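First comes the structure, then the notes that go with it.
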Amino acid sequence: MLTISLSLVFLVVLFLSGVPVAFSFALVVMIMAAILNYDLAFLLPYAFGQMRSILLLAIPLYIIAGAIMEKGNITRPLIDFVNTFASRVKGGMGAAAAVANGIFGAISGSAAAAVAAIGSIMIPQLADEEGYPRGYASSLLAASAGLSLLIPPSFSMILYGWITYTSITACFLAGALPGVLLMIFFIIINWFAVRRFPTVKRPRPIGSLRQFSKEVSSTGWRALPALLMPVLILGSIYGGIATPTEAAAIAAVYAIPIGFFVYRGLTAKNFGQALIESGMNIGAIMVMLLFAMVFSRMLVMEKVPQALSDVMLRISENRYVLLLVMNAFLFIVGMFVDDISGMIITAPLLFPIAKELGVTPVHFSAIIVTNLTMGNLTPPMAPLTFLAQLIGKTTFAEMLGPSLLFVFAGYVPVILVTTYWPPIAEWLPVAVLGPKVLIPAY
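Start counting the sequence shown at 74; every next residue gets the next number (our numbering).
This is the structure:
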């Protein structure tokens, strides 16, 4: 167990040192195999077998779709449509950022893509045109980009379903209501926060009903092809027409003509760039998943989940206390690793404990993803915070206060509601797929 503990510490040190995540997992796996006398000739075929799952194909397809949407100027009409309503309310432009990220999340499933696509437009608009402090605007975009990991489709939910053999469709539905609740929290937080910023512009006048209707119809018509994307993706999944992987392919294919011929943001050059960048990201993620699967298999073979369960049960036998301890553990993990790495590490460890506590796999999917989504904002790793800092051309010091506000006034209440009130995660899956969806696969 000492070897495992030191390996986990070493893994975190590698992450914090800037070593690529895939190489970090590979190095730790080789060191553990040498010390514990594991045969990689046995472990690697296991990992390759797991990687052959058709479910994993959805991740590269959503990455490609997100990159095409980012290059294809698909986000601008969405923002203009939301702004038609939001710009007429005090602090409405900040609320528009949260709503736009929620809509983008229903298309791409990638938080990083949301920061890049929405943030590159909204941060300058909020800071330079609307008078928001640049650090606050960047923090708002980073926090609300996490909606992409909760509102379906979601990379993290795909990974969770793959690891735990839980229905991906059910996992998607489990994250929907927590995602919407989180978006509402961000709107409320922003509504109060802007009252402390005297530089924020006054809202636009509502104007006549005819003028307002004309603007809504104009921006709505322009945004319609983009708004149809989540309808096609989610409608095909929940309607039983396509699997999550097939829906990801639909998204990637649909984005190409929309980007080229409707919004005309795509050119042969930036389309090629989108594919190259996607290929690099996909390669890094797949190599990471391969070695992360070997690493998690070693943890299981060393009976780490059982040991962790014993430690937690020694703390308390109260179910509610143990759920709080589990959330605290996820919070700490989220501080040091990104959501994908965190999912690979924590899902095999905590899933058996969650089942022992009577938490259904569908409910636990919402608990673990909301926690790991929050981890994207909490230092020292905080990938979304640092990405928004670069895009917003601000400093980490200016973002720290607002980021902590969104974490403790937004994410933490939603995590507690999701943890202690199962219907917020289970109602939609049961309503759409039936009560059998809550029964564990194994």
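Virtual Cβ for every residue (Gly too), placed ideally from N, Cα, C.
Predicted model, so just to flag it, every value in this text is computed and none were measured.
Asked, Found
"How many Å lie between N72 and K144 at the Cα?", "An answer regarding residue 72 cannot be provided, because it is not within the stretch 74 to 515 covered by the chain."
"Please determine if the region 399–410 and the region 442–454 are in contact, where contact requires at least 3 C-beta pairs separated by less than 8 angstroms.", "yes"
"Beta-carbon separation of A299 and L151 under 8 angstroms?", "yes"
"Per DSSP, what kind of secondary structure is Y484 in: helix, strand or coil?", "helix"
"Ordered along the chain, which non-local residues of its own chain (more than five positions away) have a Cβ less than 7 angstroms from that of Y135?", "S181, G182, S183, P226, F228, A321, A324"
"Could you give the residue range of the alpha helix (DSSP H) that holds F479?", "469–479"
"Kindly list the residues whose CB is nearer than 8 angstroms to the CB of G483, restricted to its own chain and excluding five residues on each side of it in sequence; keep chain order.", "A216, L255, F258, F259, I262"
"Under the three-state reduction of DSSP, which class applies to G312: helix, strand or coil?", "coil"
"Return helix, strand or coil for E390, following the three-state DSSP convention.", "coil"
"As an exercise, report each continuous alpha helix (DSSP H) stretch of at least 4 residues that is fully enclosed by the region 315–352, in chain order.", "317–330"
"Can you check whether the CB of M103 is closer than 8 angstroms to the CB of S80?", "no"
"Can you name the start and end residues of the alpha helix (DSSP H) that S80 belongs to?", "75–89"
"Buried or exposed for W235, please, with buried defined as at least 16 other CB atoms from any protein chain shown within 10 angstroms of its CB.", "buried"
"Check for me: the alpha helix (DSSP H) holding T443 runs from which residue to which?", "434–448"
"Can you tell me whether K144 is helix, strand or coil according to DSSP?", "helix"
"In angstroms, rounded to a whole number, what distance separates the CA positions of L395 and F368?", "25 angstroms"
"Using a Cβ-Cβ cut-off of 8 angstroms, state whether L79 counts as contacting chain B.", "You won't find chain B in this structure, because it holds only one protein chain."
"With a threshold of 16 other CB atoms inside 10 Å of the CB of Y238, please say whether the residue is buried or exposed.", "exposed"
"So the alpha helix (DSSP H) W235 belongs to, where does it begin and stop?", "228–237"
"Going straight from the alpha carbon of M353 to that of R269, what length do you get?", "43 angstroms"
"Is Q123 closer than 8 angstroms to M366 when the C-beta atoms are compared?", "yes"
"Given G293, which residues of its chain have a CB within under 6 angstroms of its CB, disregarding the five upstream and five downstream residues?", "F154"
"Note down, in chain order, each residue of its chain lying with its Cβ closer than 7 angstroms to the Cβ of F83, except the 5 sequence neighbours on either side.", "V101"
"Does DSSP classify T451 as helix, strand or coil?", "coil"
"Please list the segments of the beta strand (DSSP E) lying wholly inside the region 179–233, counting only runs of 3 or more residues, in order along the chain.", "none"
"I need the straight-line Cα distance from I310 to M230, nearest angstrom please.", "14 angstroms"
"How big is the Cα-Cα spacing for A170 and I77?", "42 angstroms"
"Counting only runs that start and end within the region 266–305, where is the alpha helix (DSSP H) found for 4 or more residues in a row?", "none"
"Let's see if you can read the secondary structure: which residues bound the alpha helix (DSSP H) around S240?", "Careful: S240 lies outside any alpha helix (DSSP H) and carries neither H nor E."
"By the three-class DSSP mapping on this structure, what secondary structure does E429 have?", "helix"
"Which of the three DSSP states is assigned to P93 in this structure?", "coil"
"Determine the closest residue to G474 out of Q198, T458, A498, with distance taken between C-alpha atoms.", "T458"
"How close, in whole Å, do the beta carbons of G248 and A439 come, if the pair is a contact with beta carbons under 8 angstroms?", "6 angstroms"
"Helix or strand or just coil, what does DSSP make of W494?", "coil"
"Would a C-beta distance cut-off of 8 angstroms place V432 and V510 closer than the cut-off?", "no"
"In the structure shown, what three-state DSSP assignment does L466 receive?", "Reading off the sequence, residue 466 comes out as Lys, not Leu. Looking at K466 - three-state DSSP - the assignment turns out to be coil, as it is neither helix nor strand."
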